[in-house]
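Remarks on the structure that follows.
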Ligand SMILES: [Zn+2]
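Residue numbers (this note's numbering): 712 to 1005.
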């Protein structure tokens, strides 16, 4: 694990590996209260928690690599665990993760089995938060609802430092992700624009390197938006060529050649591709994600 001090009160933490959704980059705010955000570093997390002793742990959203922050916190006895209020039901009833696979076949059986084996979520009390709850922590943190990637996905701004933690908004080489049925592509784009226009000077993201400088931060968001436009262009071209949806899914927009991947998650990547394609086709039928296709 790599820890980088950004200021007297802020430390940026990156796990040794992010493979197989086992970890994500996170932030520790060390002020009047010690607050950790998305501090899941896989097997390294328990030792980190024992040393850092945060008072509060926050998951930016419910996706497995992020909600695991709360599971680690529960195991370490952290007393306050928070998740966006819009996603609280996901940790109250782990069965709600099952519904992410909206079909009754062997894929659902695989997904249920994977969830059972990994147990990403806590079993005890977790509180839902809204933006005002984060400001009330008095940790110099502002929560910014950024739905789309997930219904309650939240980003965090440290206004005094101009530092923005953008979670899973897709500010990395992979680009934005909107592959579960509860993702919303157009809402995600609106969230990206909202964050871009904040004028942050340092940008932290869950699965990519830090971005520094106001211009570079703005460009990083523009690049993520451009990735979405390029995907839409690609799909529009393939539809013009009458390429069947099944062929587009098996080629892979996000995970090219996913059928030959080594990770156990390859079993679900075709489903994610299908959902991504559905999002784009729905947007195309309504004039495109950016409303400029008629
Ligand atoms: Zn996510």
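All C-beta atoms in this analysis are idealised placements derived from N, C-alpha and C, irrespective of residue type, glycine included. As the structure is a prediction and not an experimental result, all values here were calculated from the model.
A residue is called buried once 16 or more other Cβ atoms fall within 10 Å of its Cβ, and residue 804, having fewer, is exposed. Note on geometry: alpha-carbon atoms of residue 949 and residue 984 lie some 15 Å from one another. A Cβ-Cβ distance of about 15 Å is found for the pair residue 781 and residue 763, leaving them out of contact under the 8 Å criterion.
Residue selection by CB proximity (closer than 5 Å to any heavy atom of ligand 1) returns 774 and 879 in chain order. For residue 782, the uninterrupted alpha helix (DSSP H) run begins and ends at 775-787, by DSSP. Secondary-structure assignment with DSSP links residue 723 through a beta bridge to 715 and 738. Looking at 911, 877, 934 and 932, the one whose alpha-carbon comes closest to that of residue 924 is 911.
Two segments are said to touch when three or more pairs of C-beta atoms, one from each, lie closer than 8 Å; by this definition the stretch 997-1004 touches the stretch 930-947. Under the DSSP assignment, residue 932 falls in the alpha helix (DSSP H) whose first and last residues are 925-951. The stretch 785-797 and the stretch 837-852 touch, with three or more beta-carbon pairs separated by less than 8 Å.
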